[in-house]
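The structure appears below as structure tokens.
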């Protein structure tokens, strides 16, 4: 088409059509007036499934879950700067998960911006810190090309969320041109030969080498290579938090770096070589008075095989090849615990989960202090994928589960959520009900920000008085999770004993569609 | 104290003590690990009431409501950048309301920042666009001084939200010094004599002058001056949306600028002079294809008596004095409608509200398309204050009501909320229950983003197909607001007829404490 020629396609249609052409298959949306032309463009695009969220943090968390499971970005629709802010915490989490995501942010029409109408804000300023790429479609003719650029940028150099701002006039005007050039899906960087050779030399000289893995090293293939390196004498650990790992029977089970810095440092004591693949050197989640930030023992040499922009599975395979090793460490057997009995606890929940979780399940873990026992016990459960909160902004579990279920309707999704975490984005339950999402949500109900009670002691902030206790407790009034879920259309039950929970979980997993279990555990 | 001398007070204590000394009386908080020393400092500060919110958007909306009612800023506690983002939409609304607010954002300890831990983010970058002032306490000794600066900056030049970042080490280290200098509470600017004199000349020459008012002109005193100007032949209108206005019997009732641009322009046709007091020239909320942005008729001269940084009540009084007028237009009589009958509707809800609202009530209006009828009918109700959504980011009504109730425990607060709007920040109901907040929340339940169905037609985006209809509808499943509220400890009932609603509202108002009424109205 000649430059400047008008088409009969709107900018919104060019944007949506381009993303559909590139394989984007889902849009998680909370639209407003400035996004109406995007809504009708999506209406006419059968290749993109539109899912309504009642709060933008649900939309962005779901887009994260969709991408972690499908491998490609979903788009979101956010309403100007305020909509971006509402979705922002889960965009932060997605940035830390290195998840591709295309946030389409509607803005005022370009000529309207100068009047500073009530919803006007500095979107670029607010969104840039958590965007790996950000541009505004200030001319309708650029809508298709910039949509393609946004898609490409979401894959890297490091994958992550990108922001594509669409002013309302660029959406409604005709003259949109879908991108029709060649655009291959960007791949992660191949590992550098020199880094692999140097690693092999360092390992040969090390007494106590450890390899911290993340990214593609946590796929089934990556873990096969990790098992070989383990058999060759390298201790293998994952970051404390990662986006997704293949786990369960038949998979190699690496150790996991401890959350608390002092535990992690004790555990790593004596390591003289730390290799990194798909990640950076580990650091403490928070700083505490007198405790270390960098979790590397003194005198330990650190060597990187590549950061989050590198194909870490390939790096591990290359290192094994360079070292000339091929024997594998043991993979996890299939082994399930007996039916738990007695009072319900984080441990008995974990046992039940390990017993009943079906092959191919996907777990979304926002369980804060209560999900570690589930994590440990499912090491030998049926093969499954485990997804974690990577950015520390709680309120990700239910949205992430929604997105995972939309991406993989044939797989069972298990959401583990703290009660404090779940309240942030409880609106996700409504979208699960609307979509018939096959998610069993387990809320650990202890009427407390339990982790904060632990952290209060660790920070040395002193003994909490009544006002401080009030800030860490969710009792008074206690939240009725069964009523809350059912108010939004999700069938729900409460369990207070291990036997109850085990039966209820088995039922929930057997039935398709969303269910919630309020698991009452000690505070 | 000599420079560099150590005190036995932490930075957190200096910050909290300084704000208490300056009269800050409430903290709406959603704290995390990095705020633990602030939590214990608040625990030891009886002058500041701490209120826990389960989502940061509740905390910031409540701080807005507290300040609109009390006149001074509340503080919030937000957990790093992610917490700021969660609270961001209601901070945007507060900026547009010109509400003073002190957002205290915990951050990582300064030496920890360089390690880019998972919760690290560019807080200054994200928060600056909606902050009238932003600084970080990078040295513990500055905590008190910067807290005082933040307090002062929240009052102006234009009042608004400020951001005070407190790194964890500046919170926990000893060496905090409370501010103990003289700091008067900043006042709004006095009107400029020249602007008043020019306005009087312009009015004398105008055929059809209109005065748009906002800010202190909407207080009882400001409206008295407005009534005098009205009697002198000047049409008086408020902005479409404002932070708070004194209304009801005995108050002058100005007209209100229409929301839709075409309606507003028709209404203003023929005006040859537009005076502005406490505001800027009116602009359309959104742009639409082929419709105007600036709501000023062609050829109409615009003259400002002062923007939001000016005491507009004083400006109106000065103009009346300059014009030598003192007779007042009629004030609203006390006149209540008869008990409504038949199907429940926005109109019958308004009639019941006008009948039962007690003197001194405070209304928080986030009713989107359904609250206009309540607004109109309460013009002659008992004297009350009406607060509006100023920034267009729905989800403000319930948090705003919570804050208003904390500020004025002896006044009845009425929250009007759309069902779509209410879902954004439904967690506010839990805080209302915990605080025993005297709020009657009326949710207009139409299972729809009704305003978007209207806007879809107005933007010319075409007829909605099934996918688009799905994006604008809240049915499938319908949300059970009674169960939702009761799950969070707020007694609730549904009303489907005018008679039912009238009785239920009378009961809710008679009883202290939080109540919710699900008012089922046509979609």
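Chains as they are written, first to last, in this note's numbering: chain A, 1084 to 1606; chain B, 1084 to 1606.
C-beta: ideal position from N, C-alpha, C; glycine also.
The structure displayed is predicted, hence computed values, not measured ones.
Here the stretch 1563 to 1582 of chain A lies against the stretch 1557 to 1572 of chain B, with 3 or more beta-carbon pairs under 8 Å apart. Within the stretch 1117 to 1131 of chain A, the residues whose Cβ lies closer than 8 Å to some Cβ of chain B are 1117, 1119, 1120, 1122, 1123, 1125, 1126, 1127, listed in chain order. DSSP places residue 1148/A within a helical segment (H, G or I) once states are collapsed to three.
Put simply, the CB of residue 1562/A is near chain B, with a gap under 7 Å to one of its CB atoms. About 5 Å separates the CB atoms of residue 1473/A and residue 1324/A; that is less than 8 Å, so the two are in contact. Of all C-beta pairs linking the stretch 1169 to 1185 of chain B to the stretch 1202 to 1217 of chain B, three or more are shorter than 8 Å, placing the two stretches in contact. The beta carbon of residue 1506/B sits closer than 7 Å to some beta carbon of chain A.
Residue pairing by DSSP places residue 1109/B opposite 1132/B in a beta bridge. As computed with DSSP, residue 1234/B is found in no beta bridge at all. Here residue 1227/B is buried: its Cβ has 16 or more other Cβ atoms, across all protein chains shown, within 10 Å.
Residue 1418/B sits exposed, since fewer than 16 C-beta atoms from the chains shown fall within 10 Å of its C-beta.
A residue is called buried when at least 16 other Cβ atoms come within 10 angstroms of its Cβ; residue 1106/B does not meet this threshold and is exposed.
According to DSSP, residue pairing for residue 1524/B in a beta bridge involves 1498/B, 1599/B. In this structure residue 1144/A does not touch residue 1113/A by the C-beta definition: roughly 12 Å separates them, more than the 8 Å allowed. A distance of 7 Å or more separates the beta carbons of residue 1293/A and residue 1330/A. Contact annotation for residue 1569/A against chain B: 1563, 1566 [CB-CB distance below 8 Å, chain order]. In its chain, beyond the 5 residues on either side, 1330, 1331, 1433, 1436, 1437, 1440, 1446, 1467, 1469 have a beta carbon closer than 8 Å to the beta carbon of residue 1461/A. In the structure shown, residue 1469/A falls within a strand segment according to DSSP collapsed to helix, strand and coil. Residues of chain B whose Cβ lies closer than 9 Å to the Cβ of residue 1533/A do not exist, since the nearest Cβ in that chain is about 12 Å away.
For residue 1121/A, the closest of 1430/B, 1254/B, 1550/B, 1458/B by C-alpha to C-alpha distance is 1550/B. For residue 1368/A, the nearest beta carbon of chain B is closer than 7 Å to its own beta carbon.
Counted as a single uninterrupted DSSP element, the alpha helix (DSSP H) harbouring residue 1350/A occupies residues 1344 to 1351.
Assigned with DSSP and collapsed to three states, residue 1296/B falls in strand. Runs of alpha helix (DSSP H) with 4 or more residues, each lying fully within the stretch 1172 to 1199 of chain A, are found at 1193 to 1196, listed in chain order. Taking 7 Å as the threshold, the shortest C-beta distance from residue 1554/B to chain A falls below it.
The beta-carbon of residue 1345/B is placed no less than 7 Å from the nearest beta-carbon of chain A.
Comparing C-alpha distances from residue 1126/A to each of 1095/A, 1503/A, 1530/A, 1506/A shows the shortest one belongs to 1095/A. Judged by DSSP secondary structure, residue 1328/A falls within the beta strand (DSSP E) whose first and last residues are 1328 to 1330. Taking a Cβ-Cβ threshold of 9 Å, the residues of chain A close to residue 1195/B are 1366, 1367, 1369, 1370, 1376, in chain order. Given a length threshold of 3 residues, each whole run of the beta strand (DSSP E) inside the stretch 1382 to 1427 of chain B is given here in chain order: 1384 to 1387. For residue 1473/A, the C-beta contacts it makes with chain B under 7 Å involve 1201, in order along the chain. When DSSP states are grouped into helix, strand and coil, residue 1093/B belongs to the strand group.
For the pair residue 1301/B and residue 1327/B, the Cα-to-Cα distance works out to about 7 Å.
Taking a 10 Å sphere around the C-beta of residue 1367/A, we find 16 or more other C-beta atoms and assign the residue as buried. Inclusion of residue 1260/B and residue 1103/B in the CB contact set at 7 Å is not warranted, their separation being larger than that value. From the listed residues 1155/B, 1149/B, 1160/B, the smallest Cα separation to residue 1139/B is found for 1160/B.
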